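Contents: one structure, followed by commentary.
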Amino acid sequence: MARTPGPDQPVDGGGEERPAWDNKLQYLLSCVGFAVGLGNLWRFPYLCQTHGGGAFLIPYIIALAFEGIPLFHIELAVGQRLRRGSVGAWTAISPYLGGMGLGCFTVSFLVSLYYNTVLTWVLWYLLNSFQHPLPWSACPLDLNRTGLVQECRDSSPVSYFWYRRTLNVSADIGDSGPVQWRLLVCLAVSWAVVYLCVIRGIETTGKAIYFTALFPYLVLTVFLVRGLTLPGAMQGLTYLFTPDLRVLQNPRVWLDAATQIFFSLSLALGGHIAFASYNPPRNNCRRDAVSIALVNSMTSLYASIAVFSVLGFKAASDHGRCLDRNILHLINAFDLPEQSVSRDTYTAALARLNASQPAQVAGLPLEACRLEDFLDKSASGTGLAFIVFTEAVLHMPGAPVWAVLFFGMLFSLGLSSMFGNMESIITPLLDLGVMPRRVPKEMLTGLACLLCFFTATCFTLRSGSYWLEIFDQYAAALNLILLAFFEVVGVAYVYGMKRFCDDIAWMTGRRPGFYWRATWKVVSPLLLLTIFLAYVALLASSPPHYKAWNPRYERFPLRQEKPYPGWVLAACVLLSFLPTLWVPVVALGQLLAQCRQKTRDPPQDRCPKPRGGRAC
Amino acid sequence: MTWMDPREVFLRNLHPAFYSTCNNLHCTWDSFECIGLHGQDAENAFKVRLSIRTALGDKAYAWDANEEYLFKAMVAFSMRKVPNRETTEISHVLLCNVTQRVSFWFVVTDPSRNHTLPAVEVQSAIRMNRNRINNAFFLNDQTLEFLRIPSTLAPPTDPSVPIWIIIFGVIFCIVLVATMLLIISGIRQHRRKNKGPSEMEDSEDKCENVITIENGIPCDPLDMKGGHINDAFVTEDERLTPL
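Protein sequences appear in the order of chains A and B. Numbered according to full-length UniProt numbering, the first sequence spans residues 1 to 616. Numbered according to full-length UniProt numbering, the second sequence spans residues 1 to 243.
Listed below in structure tokens is the structure:
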């Protein structure tokens, strides 16, 4: 034992041989699939565009280097070294830190609930894409069949399909309405697919990940090639990437870059710890961390090129249609021959007519058509996927094929992230031995999925999408930042930097250099603390409000900004704090247990002080 | 009595001022313009707008007098289907003010050629036969517009079973069958393992259960499974501690 620098090797939780990856590729693909999710597609391009294009990459890369990669390396190293899920790993590092594992577990549970609901929406759109014409291409007729449905006519067929036919959203968060059966059955299938893939843990996800992690790249490439050949793509791309260095003075940009890299890598959820715990103990986790983080960022860039070439096409075609409408007004009013005014000659013709008959021209309902206005209409999140992109797809030749490909890609992107989420729930349960050993793993995963399904039915109510936004903003964001802070501090200070470096040297063959030690000890904790405080300041600066879809609003189709009612605010506060509350609660509990044990046992039987901890 | 073009008669009766400027010249119908269709007649006239080039592109035909004749024939045909108007002739339909846009006004007179037919009758007649009129010109409701005559919207073509339910059923069945297969194979594997050497497993379990735990950290560092490489004694890529 004296010869080996490797310290104690804990026995795997469960007693049986710990499952292992079939090969390194499965592990890498699982981590990449967990990290690469919907956010890479619908959050990064939006941030890039609104925060000065290419200039956004500067804070993004800095955040990646000083926050993303170091934290990621810690998670992989902890999981691989201790060979346990998040709960067991943090308990093993120090019993006072056991609450962190429970906090990660709770946040993963909450995230799984709403993440799979987004997949439900994606599945609904996917099922509806197998028809021509697509159901969101035209407004339906009203009851008398004399005209189109008013809500659709006032907004747009795409918005109508999203808010009414998919969500059937209510006008207020307090108005829950009944469960939408269409979404409920899609939710059931969604959870059934997740269950099918995680039924035996990494044995089954390892097979499924080959498809779900690689299919999105294939589709992105197809969209990239198709998008670049569409008219208007280059305008979209230049608009996206034109750097505006002045944005670097805005602290909001740095905050967004830091939070984006943090959530993009899916840190502090416990999923990476779980995945790494199935690795052989001697595996170069440092190289894995750096390569997976870089792949994640490259994917974000790749996706944004594909997305913005399509959005550039959409802006160009909207602009062209705007011009066509104006031209039609002109030739109808002045009885000019058809096609006598083209898009290029429109401005000259308008000037000529304005000079000769200004009164008549003034009476026409002409719109101001500027390409920049259309390019500015960016969106992120569900707005991008379900409204903007679906509308863009309508105008591409062969629309149903593109819709099927797009929503299939979204589904597999989300599914591979769900594997990580479910692993971070199931691995701690298995390690803790919650079920007796006779109970097969299939039953445990089935019960977990069933519980999640029943809890997630609250998102299929008519107010479900409002609740999802709350969960996304409050349940996930603050807790994850805090938990990551505790992670870094826990490993660097409680576990001990020297001991951790020894472990890594034993696993990878090389001690971590100055960069790693500096970021773990100083830079990352400071950065995380700053991000947390800035985020809290941002949330507190404006009273929390939400945007409701209210057809009776006088400025419809603009969404109505409403404040949250008191009971919803209470729920927000609870969601923000409860998961992290595990940390002090468990620490306190351990402290009390230690004191009680100390007073009960005689002094000489007392166990030696736990390394790095504090005795009573 | 010289035969007079009935349209000329109509205009002469309706617009004597205009007609008087023209009676010394040989005025054909085309040179007349619909100035001042006023009062009741203005209300009974409808503007028509065609977008032939938009609809047909290269195969667009030119709008000439023959096409106008066809249009008048179609309108007369539509009016003949209205009860009490079966005697409408092509000559009762008057077109005027044909522009380069290809838009014009038309009005239908009664057999006496003194009054125009009420707008409501013309509207309903055109709406009933809109499809035939569109097809005669290879156009549709959007490219052959009758302003002030709304077109009947096409009924929604919903299939009896929505497509999404079909696809949903397919996916659900596949997932269900695959899950069943996995569960059944898992049960079989479990049973085969249980039937195997259970005595050896018991002793191994007993061995593993004896683990001293201090502060929640198991103190037993060695992996006691038979046939496994004991990492505590692996020496390949290990650096020897300096003496």
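Just so it is clear, CB atoms sit at the ideal spot from N, CA and C, and this is done for glycine as well. As the structure is a computational prediction, the values presented were derived from the model and not from experiment.
Does DSSP put residue i in a helix, in a strand, or in coil?
| i | result |
| --- | --- |
| A:Cys-186 | helix |
| B:Val-107 | strand |
| B:Leu-139 | coil |
| A:Leu-353 | helix |
| A:Leu-47 | helix |
| B:Leu-153 | coil |
| A:Ala-379 | coil |
| A:Gly-199 | Note on residue identity: the sequence assigns Ile, not Gly, to residue 199 of chain A. Looking at A:Ile-199 - three-state DSSP - the assignment turns out to be coil, as it is neither helix nor strand. |
| A:Leu-167 | coil |
| B:Lys-81 | coil |
| A:Phe-556 | coil |
| B:Ala-62 | coil |
| A:Tyr-535 | helix |
| A:Tyr-278 | coil |
| A:Arg-18 | coil |
| A:His-395 | coil |
| A:Ala-368 | coil |
| A:Asp-601 | coil |
| B:Ile-183 | helix |
| A:Met-234 | helix |
| A:His-132 | coil |
| A:Met-435 | coil |
| A:Pro-579 | helix |
Taking C-beta to C-beta, are residue i and residue j nearer than 8 Å?
| i | j | result |
| --- | --- | --- |
| A:Ala-571 | A:Leu-113 | no |
| B:Val-102 | B:Leu-50 | yes |
| A:Met-507 | A:Gln-80 | yes |
| A:Leu-575 | A:Tyr-474 | yes |
| A:Ile-209 | A:Ser-30 | yes |
| B:Phe-137 | B:Leu-147 | no |
| A:Gly-271 | A:Ser-424 | yes |
| A:Gly-68 | A:Leu-413 | no |
| A:Met-422 | A:Val-198 | yes |
| A:Leu-230 | A:Phe-313 | yes |
| A:Val-219 | A:Met-409 | yes |
| A:Leu-528 | A:Phe-485 | yes |
| A:Met-497 | A:Arg-510 | no |
| A:Gly-33 | A:Thr-212 | yes |
| A:Trp-567 | A:Ile-74 | no |
| A:Tyr-96 | A:Thr-445 | no |
Let me check one thing: in DSSP terms, what residues is residue i bridge-paired to?
| i | result |
| --- | --- |
| B:Val-93 | B:Val-108 |
| A:His-272 | Beta-bridge pairing links A:His-272 to no other residue. |
| residue 245 of chain B | Residue 245 of chain B falls outside the range modelled here, since chain B spans only 1 to 243, and no answer is possible. |
| A:Glu-561 | A:Lys-547 |
| B:Thr-116 | B:Thr-109 |
| A:Leu-148 | A:Leu-141 |
By Cβ distance, which residues of its chain are closer than 8 Å to residue i, with the 5 residues on each side in sequence left out?
| i | result |
| --- | --- |
| B:Asp-110 | His-92, Thr-116, Leu-117 |
| A:Thr-242 | Gly-53, Gly-54 |
| A:Val-404 | Leu-126, Ser-129, Phe-130 |
| A:Val-193 | Leu-415 |
| A:Pro-544 | Pro-563, Tyr-564, Leu-569, Cys-572 |
| A:Gly-320 | Arg-343 |
| A:Leu-28 | Asp-288, Ser-291, Ile-292 |
Take residue i and list the residues in its own chain whose beta-carbon comes closer than 7 Å to its own, dropping the five residues that flank it on each side.
| i | result |
| --- | --- |
| A:Arg-282 | Met-507 |
| A:Cys-48 | Phe-56, Leu-240, Ser-304 |
| B:Arg-53 | Ala-60 |
| B:Thr-28 | For B:Thr-28, the predicted structure reports a pLDDT of 38, less than 50, and the residue's modelled location is therefore unreliable. A value from the coordinates is still provided. Closer than 7 Å at Cβ, skipping near neighbours: no residue. |
| A:Val-585 | Gly-99 |
| B:Asn-23 | With a pLDDT of 42 at B:Asn-23, under the threshold of 50, the predicted position of this residue should be treated as unreliable, though the coordinate-derived value follows. Cβ neighbours of B:Asn-23 beyond the five flanking positions: none. |
| A:Leu-64 | Ile-261, Ala-293, Ser-297 |
Spatial neighbours of residue i within its chain, please: CB distance less than 6 Å, with the 5 preceding and 5 following residues excluded, ordered by chain position.
| i | result |
| --- | --- |
| A:Trp-254 | Pro-59 |
| A:Val-536 | none |
| A:Leu-311 | Gly-236 |
Quick one: any contact between the stretch 302-322 of chain A and the stretch 213-232 of chain A, if contact means 3 or more CB pairs under 8 Å?
-> With the cut-off at 8 Å, the stretch 302-322 of chain A and the stretch 213-232 of chain A touch.
Is the number of C-beta pairs between the stretch 358-371 of chain A and the stretch 324-334 of chain A that are closer than 8 Å three or more?
-> Cβ pair count under 8 Å is three or more, so yes.
Is it a yes or a no for the stretch 102-120 of chain A touching the stretch 259-270 of chain A, going by three-plus beta-carbon pairs under 8 Å?
-> Yes, the stretch 102-120 of chain A touches the stretch 259-270 of chain A.
May I ask you to verify whether the stretch 131-139 of chain A touches the stretch 157-166 of chain A, counting CB pairs closer than 8 Å and requiring at least 3?
-> Yes: the two stretches touch, three or more of their Cβ pairs being nearer than 8 Å.
Would you call the stretch 115-122 of chain A and the stretch 456-465 of chain A touching, i.e. three or more CB-CB distances under 8 Å?
-> Yes, since at least three Cβ pairs between the stretch 115-122 of chain A and the stretch 456-465 of chain A fall closer than 8 Å, the two stretches touch.
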